[in-house]
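The block underneath contains the structure these notes are about, expressed in structure tokens.
Protein chains: 2
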Amino acid sequence: MDQAGERREPTMRDVAALAKVSTKTVSRVINGLPGAGQEVVDRVRAAARTLGYRPNLTASSLRRSDRRSATIGVLFEDLSNPFDSALLRAVEDRARQGGVLVLAGSSEDDRTLQGELLVSLAARRVDGVVVMAAGGHQDALQQERERGTPMVLVDRPPTFGSTDCVTTTNRDSSREAVLQLAALGHRDIAFLGDRRTLWTSQERYTGYLEGLAQAGLTLREELVRTDLHGADLAETATNTLLDLDRPPTALFTAQNLVTVGSMRVLRARGLQRRIALIGFDDFPLADMLEPGITVVRQDVPGIGRKAAELIFARIDGDTSPPVHAVVPAALVRRGSGEIAPSAD
Amino acid sequence: MDQAGERREPTMRDVAALAKVSTKTVSRVINGLPGAGQEVVDRVRAAARTLGYRPNLTASSLRRSDRRSATIGVLFEDLSNPFDSALLRAVEDRARQGGVLVLAGSSEDDRTLQGELLVSLAARRVDGVVVMAAGGHQDALQQERERGTPMVLVDRPPTFGSTDCVTTTNRDSSREAVLQLAALGHRDIAFLGDRRTLWTSQERYTGYLEGLAQAGLTLREELVRTDLHGADLAETATNTLLDLDRPPTALFTAQNLVTVGSMRVLRARGLQRRIALIGFDDFPLADMLEPGITVVRQDVPGIGRKAAELIFARIDGDTSPPVHAVVPAALVRRGSGEIAPSAD
DNA sequence: GCCGGTTGCGTCAACGTTGACGTAGGAGGA
DNA sequence: TCCTCCTACGTCAACGTTGACGCAACCGGC
């Protein structure tokens, strides 16, 4: 068993020799193509079983006219992030239905790294890629797209043309969140957001502004904190906000980790039942906290399914105009977003 | 740009023609092999750039003597599970350092599905696989291993020989958790576990038994609930336990979702500060709950790194005897596991 | 008997790349 | 001067598979 590794993988030639037919006939049998009699089919199948033959998809895709590798690439920011991994899972499920496997990579939101991974995927001749574009210029993505690689962007739209993309209702749902807070009587609603280079951050901020405007509230610039990359920065920002002379009575945290950071501070100050909080993006156990955290929940599996659907359609030759699919998010009320401003 | 998709990818032959050299020379230049003069190197590089040539790794690995595809397979239970995705990320990081990409799949703990995915990976001639074995017989894995495919199992050991594996200190850490509860004075400590077919469940149960024995406590069989596959079953089981005439004063929940289910029930009954709880496996926000949840934390990145290290060593021809690496877990005290039995 | 069509195979070359090997020309030594 | 060695290329075949095509045998119809 130890020297098993040295054994050469059997090929069609080996099967052909054993079954006393040509390799072409083996190919026909393996691929279920017509042109082989029942007796020959049986003989070839038996020979393949005996030898433990398994087709070599790389050789096959090299020779086939359609050049399919039955493999797609997925390039997300961080595969260990729950949002990303849920997305990956949804894409994977859909891919499996077509016998397609997924080459997965984390770009760390680094353009250089994303470019390198893209090259790696291209070298393996993947049939298409699903990408969460790294911040900043998308030249590498654009180049790849212009070469003709089927591509779908998720979470963030392309800065170039002719490319499908799937996002959620960042702006509308943010506005809805702010309007709900305003309806409760809040007039000092803070915005805490992620890096401003991210399209999603910008959209959510715009939604915040629209919400304020629609509720007839004036923007207090000192209540806006952005570029909070990670929970630690969010904590600091939250502390600063709460130390203002006229602190906010409600927080809209426009990203996952920011929500966690803010929650931590509210809790540390014992304010979790006095200051309202709505976060963008759901997270596990949000309902188990006290109070439960009201969030805008994205339909992550829905986004993944849509992205997969689009990429496979393109791979199958769909040449209809590019689509920007928007998968609706929903406000999930759990308590923290239903706190009215305190009377003091 | 739209008909760009029809453009054929340039090959070495195209580059060779433009640079007026042979394809072999192009090969030499692309791979940085000696045997090409500076002037020719420059000419070839220029031609490759002009044409936008990119090497075809599938053709290359077909022809090369080492047969490497620079791709490994990762087959976990559910890529959207935080444990699995953290593991994937760790493996991916290590793989990237060697220019290796990862084909990822979810087996859903279904042997049939795992077998099919394994065949898919084999068809793509991956250099090795990292697998979380699905419950029950591991025949498909064993067969693949016996063919010589480098393989590392994670989280659960193989039921067959000659295969590396990486697990955590399931038994020891479980015993430690039970001993801590016993030291606080608990005499009725319940065990709530996942499917008994899982090796980890068995190990954790054994650790529980060892803990009881070491503390001089007698096992009360009615306090042991297993096969709790998912949070819902865990809730039911917890309710049943709490309704006993002599209910447990402490719970040891031997899996993530089981912990969540039990927490939910304790909370619903207002017992979260009266009944002690220690869970196996950490989860996000465990520290934000009230009380914080005491858990046994696995070193997930550590496990992933170790698995990656092993698989790449095997791929590189390491033939030393198979290893069962054990990455230590640690008890993280947050409050729920430090509750003494109530005096009533 | 001849013709056209179908069935059931086989032969050959090619996909893009690289290993084995060949060779021309120059450098260097005896 | 000749022989050897090295450098810098080129030629050829092969990796495992499949598309294009060929061809013999058989069928049915007239």
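As given, the protein sequences belong to chains A and B, one line each in that order. Sequential numbering from 1 applies to the first sequence in the UniProt record's numbering. Sequential numbering from 1 applies to the second sequence in the UniProt record's numbering. Yeah, the Cβ is synthetic: ideal placement off N, Cα and C, and Gly gets one too. From a predicted model like this one, the values you see are computed outputs, not experimental measurements.
Scanning chain A for C-beta atoms nearer than 9 Å to the C-beta of residue 103 of chain B yields 71, 101, 102, 103 and 104, reported in chain order.
Residue 87 of chain A is not a Cβ neighbour of residue 104 of chain A, given a cutoff of 8 Å.
The beta-carbon of residue 65 of chain A is placed no less than 8 Å from the nearest beta-carbon of chain B.
Using a CB distance cut-off of 8 Å, residue 85 of chain A counts as an interface residue toward chain B.
For residue 75 of chain A, not one C-beta of chain B is nearer than 8 Å to its own C-beta. For the set B:146, B:171, B:42 and B:199, the Cα lying nearest the Cα of residue 209 of chain B is the one of B:171.
Listed along chain B, the residues sitting closer than 7 Å to residue 61 of chain A by beta-carbon distance are 58. Within the model, the alpha-carbon separation for residue 258 of chain A versus residue 229 of chain A is close to 8 Å. Residue 217 of chain A and residue 248 of chain A have their alpha carbons spaced roughly 13 Å apart. For residue 257 of chain A, the closest Cβ of chain B is not nearer than 8 Å.
88, 89 and 92: these are the residues of the region 87-98 of chain A whose beta carbon lies less than 7 Å from some beta carbon of chain B, given in chain order. The contact set of residue 123 of chain B on chain A, defined by CB atoms closer than 8 Å, consists of 54, 55, 56 and 57 in chain order. Residue nearest to residue 127 of chain B within the set B:83, B:117 and B:71 is B:71 (criterion: CA-CA distance).
Between the region 152-162 of chain B and the region 99-119 of chain B, the count of C-beta pairs closer than 8 Å stays below three; the two stretches do not touch. Secondary structure of residue 83 of chain A (DSSP, three-state): helix. When the Cα atoms are used, residue 252 of chain A and residue 131 of chain A turn out to be separated by approximately 28 Å. Contact check for residue 19 of chain B and residue 54 of chain B: beta-carbon distance about 16 Å, past the 8 Å limit, so the pair fails to qualify. Around the C-beta of residue 39 of chain B, fewer than 16 other C-beta atoms lie within 10 Å, and the residue is accordingly described as exposed.
Listed by position along chain A, the residues whose Cβ is nearer than 7 Å to that of residue 79 of chain B are 85, 88, 89 and 92.
The DSSP assignment places 276-280 as complete runs of the beta strand (DSSP E) inside the region 253-294 of chain B, in order along the chain (cut-off: 3 residues).
Interface criterion not met: the Cβ of residue 132 of chain A is under 8 Å from no Cβ in chain B. When DSSP assignments are scanned along the UniProt domain "HTH lacI-type" (10-64) of chain A, the uninterrupted stretches of alpha helix (DSSP H) that are 4 or more residues long and fall wholly within it turn out to be 12-19, 23-30, 38-51 and 57-63.
Excluding sequence positions up to five before and after residue 136 of chain B, its CB lies within less than 7 Å of the CB of 111 and 197, all in the same chain and listed in chain order. DSSP places residue 190 of chain B in the uninterrupted beta strand (DSSP E) bounded by 189-192. Residue pairing by DSSP places residue 72 of chain B opposite B:102 and B:128 in a beta bridge.
Three or more pairs of CB atoms, one per stretch, sit closer than 8 Å, so the region 283-300 of chain A contacts the region 319-338 of chain A.
Counting only residues of its own chain and dropping the five nearest sequence neighbours on each side, residue 305 of chain A has a CB closer than 7 Å to the CB of 90 and 94. In the displayed model, residue 152 of chain B falls within a strand according to three-state DSSP. Residues of the region 252-276 of chain B whose Cβ lies closer than 8 Å to any Cβ of chain A, in chain order: 260, 263, 264 and 267. Rounded to the nearest whole angstrom, the CA to CA distance from residue 182 of chain B to residue 219 of chain B is 13 Å. In the three-state DSSP reduction, residue 94 of chain B falls in the helix class (H, G or I). Counting every other CB atom within 10 Å of its CB across the protein chains shown gives residue 240 of chain B a total below 16, marking it as exposed.
Between the C-alpha atoms of residue 61 of chain B and residue 324 of chain B there is a straight-line separation of about 31 Å. The CB of residue 284 of chain A comes closer than 9 Å to the CB of 82, 260, 283, 284 and 285 in chain B, given here in chain order. With the criterion set as a beta carbon lying under 9 Å from some beta carbon of chain A, the members of the region 109-123 of chain B are 113, 116, 117, 119, 120, 121, 122 and 123, in sequence order.
Residue-level contact check: residue 235 of chain B does not touch chain A, since none of the beta carbons of chain A fall below 8 Å from its beta carbon.
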